[in-house]
Amino acid sequence: MAPLDYSNYLSDKGKMALPDGIRGLFPLEKHCKVSFLAGKPNPETFPFSSMTLHLKPPLETPVSLQNGSSSQEVDVNGDKRADGGVDLEIEGADMEEALQYQTAQLKRELDNQATGEVTREEVNALRGDDNAQGVQEVPWRVTVGGGCQDLLFKAFGAIFNPGDSILVETPVYAGVISQFMTLHVNQVEVQVDDQGVSPDSLRQVLGSWPADKPKPKAIYLVPVGSNPTGCSSTTERKLEVLKICVENGIMIIEDDPYYFLAADRRPSYFQLETQVVPEGGHVIRFDSFSKVLSSGMRLGFAAGPEAILKAMDVASSTANLQPNGVAQAVALRLLRYWGIRGFIDHCERVAAFYAKRRDKFEAIARKHLDGIATWVSPVAGMFLWIDVSPIDDSSDLVQKEARELGVLAVPGFAFLPNHGKSSFLRVSFSIVDMDNKAELGFELLSQAIRQRLERLRAEGKLQ
2 MAPLDYSNYL SDKGKMALPD GIRGLFPLEK HCKVSFLAGK PNPETFPFSS
52 MTLHLKPPLE TPVSLQNGSS SQEVDVNGDK RADGGVDLEI EGADMEEALQ
102 YQTAQLKREL DNQATGEVTR EEVNALRGDD NAQGVQEVPW RVTVGGGCQD
152 LLFKAFGAIF NPGDSILVET PVYAGVISQF MTLHVNQVEV QVDDQGVSPD
202 SLRQVLGSWP ADKPKPKAIY LVPVGSNPTG CSSTTERKLE VLKICVENGI
252 MIIEDDPYYF LAADRRPSYF QLETQVVPEG GHVIRFDSFS KVLSSGMRLG
302 FAAGPEAILK AMDVASSTAN LQPNGVAQAV ALRLLRYWGI RGFIDHCERV
352 AAFYAKRRDK FEAIARKHLD GIATWVSPVA GMFLWIDVSP IDDSSDLVQK
402 EARELGVLAV PGFAFLPNHG KSSFLRVSFS IVDMDNKAEL GFELLSQAIR
452 QRLERLRAEG KLQ
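For this note's numbering, count along the sequence shown from 1 and bump the result up by 1.
Structural data, given as structure tokens:
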């Protein structure tokens, strides 16, 4: 199969994406003896000289690790504290670069460390580095942006013209619904089950597509710990979806912010692609530091075809010049200290942390909601997606009975592209106080559901 012609997948704006006359010359500086290009502020005027990062002791760490015997330490330039934490310095050239303008593409070292290496377990074989049968013919690389939300919006802008269509799993992450509406992109719903997007529904949608209407360019998927459902796709399911998409010339936009929160990390669409189409190039993958390092750092990264990422980088340089330099420096310093194994160790601890919270949260939910609500236990993520059928409008339930009792949840309609009624609601277990608030919250939610059921019976709408 020939590589994709990305001119068919780029929007008009994406096709016109060119670096501006100044920043387009920056890569040439390293080959010049003298450069008069940049209008960068002189770093001598910056009041900051260094930063010290105070790392916490690792989550649920054995004494042996707190005493410094962890195999995760690659960069020994860190000062250990008595509490098991470590102090890391950012200074000199690293600090100067953090405070300065950079190009839209993150400096190569963080680029490689963040995704080219940190997710190497996941992507080492993605394009056949260790497998001669799976060599990627389509040039691909990594880019970094101000969080995945930022990168996704720039990717959508690079791909879709107003009036184009995109396939979306439904329910879908609420954050992209408004993005598609802003870009005037038609959202075509594909149903999901407890393993994520349904191949049968995908085939049905594509099989009934009007012959005189251009097919969707892409499908948007959250394959692990999907927000809001918490569902995760199996390897077999991903391969089936990949085959359908490749057969129909549809790109997969794989948004995977909860990947590292899964105890059982399965191969991604990005990794599995070459099993279906050896030349690759049909998947753009989005990862995030938000769930494992800090949501406030606003650092996300994407891997995919050069043609798409180039348009995204130009959009970054046009809109905000670059991702936050200080946040990049903080992440880089931490990754240098941890190394690849240390990053994975941390992610595994975080996954165990959330699994423990989920189990406790579900136990409380079962205590109060047994018999009046159902849900599928999530393998990753931060949410329970609760079905309160036969109540068919969870929005009314949340806005009236639940609100009056003093408990809030997200009604399911917020995750439906068509904003129709939903019998579902989403509750989060990430930060709620398990010892006091969770118990009270589910007690109140139970009361709200029972009150609504009684009201529906009184109105003759339920038997």
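All C-beta atoms in this analysis are idealised placements derived from N, C-alpha and C, irrespective of residue type, glycine included. Because the structure is a prediction, the values reported are computed rather than measured.
Nearest-angstrom beta carbon gap, residue j and residue i [assumed within contact, 8 angstroms]
i	j	result
Gly326	Gln103	6 angstroms
Pro243	Glu280	Reading the sequence as shown, one finds Leu at residue 243 and not Pro. About 13 angstroms; that fails the 8 angstroms criterion.
Thr171	Pro418	6 angstroms
Phe261	Ala352	7 angstroms
Ala410	Val428	5 angstroms
Glu402	Arg453	5 angstroms
Val315	Ala18	4 angstroms
Asp257	Pro224	6 angstroms
Glu440	Ile365	6 angstroms
Val193	Val206	Wrong, their Cβ atoms sit about 13 angstroms apart, outside the cutoff.
Arg358	Met435	7 angstroms
Pro20	Ser317	Not confirmed; about 11 angstroms, so no contact.
Beta bridge counterpart(s) of residue i as assigned by DSSP
i	result
Phe302	Val145, Asp288
Arg427	Trp386, Val411
Glu81	Here residue 81 is Lys; the residue named in the question, Glu, does not match the sequence. Looking at the DSSP assignment, Lys81 forms a beta bridge with Val87.
Ile245	Beta-bridge pairing links Ile245 to no other residue.
Leu54	Leu89
Leu222	Glu255
Asp195	DSSP output for Asp195 lists no bridge partner at all.
Val169	Glu190, Tyr221
Thr275	For Thr275, which the question treats as bridged, DSSP gives no partner whatsoever.
Thr375	Asp388
Buried or exposed (CB count within 10 angstroms, at least 16 for buried), residue i
i	result
Cys33	exposed
Val331	buried
Phe302	buried
Thr183	exposed
Arg404	exposed
Ser8	exposed
Ser289	buried
Pro28	exposed
Ala374	buried
Asn321	exposed
Thr236	exposed
Phe181	buried
Ala39	exposed
Val64	Reliability fails at Val64, whose pLDDT of 39 lies under 50, so the model's placement of it is uncertain and no value is given.
Arg458	exposed
Ile432	exposed
Leu152	buried
Leu11	buried
Phe384	buried
Ser423	buried
Ser1	Lying outside 2 to 464, the shown extent of the chain, residue 1 is not represented and no answer is given.
Glu241	buried
Cβ pair residue i, residue j closer than 7 angstroms
i	j	result
Trp386	Gly231	yes
Leu310	Ala328	no
Leu222	Glu248	no
Ser395	Phe354	no
Phe161	Val186	yes
Leu168	Ile245	no
Val380	Ala263	yes
Arg286	Ala308	no
Tyr259	Gly147	no
Gly85	Pro58	yes
Gly158	Lys16	no
Glu98	Ser51	no
His369	Glu444	yes
Tyr270	Lys292	no
Phe430	Phe344	no
Leu5	Gly282	yes
Thr53	Asp88	yes
Gly372	Val408	no
Met298	Ala156	no
Ser166	Val189	yes
Val145	Pro306	no
Val284	Ile251	no
Asp195	Val377	yes
Gln448	Leu406	yes
Ser234	Gly226	no
Gln101	Lys31	no
### Continuous beta strand (DSSP E) assignments of at least 3 residues falling wholly in the stretch 291-370
Every beta strand (DSSP E) of 3 residues or more that sits fully in the stretch 291-370 is shown, in chain order, as 301-306.
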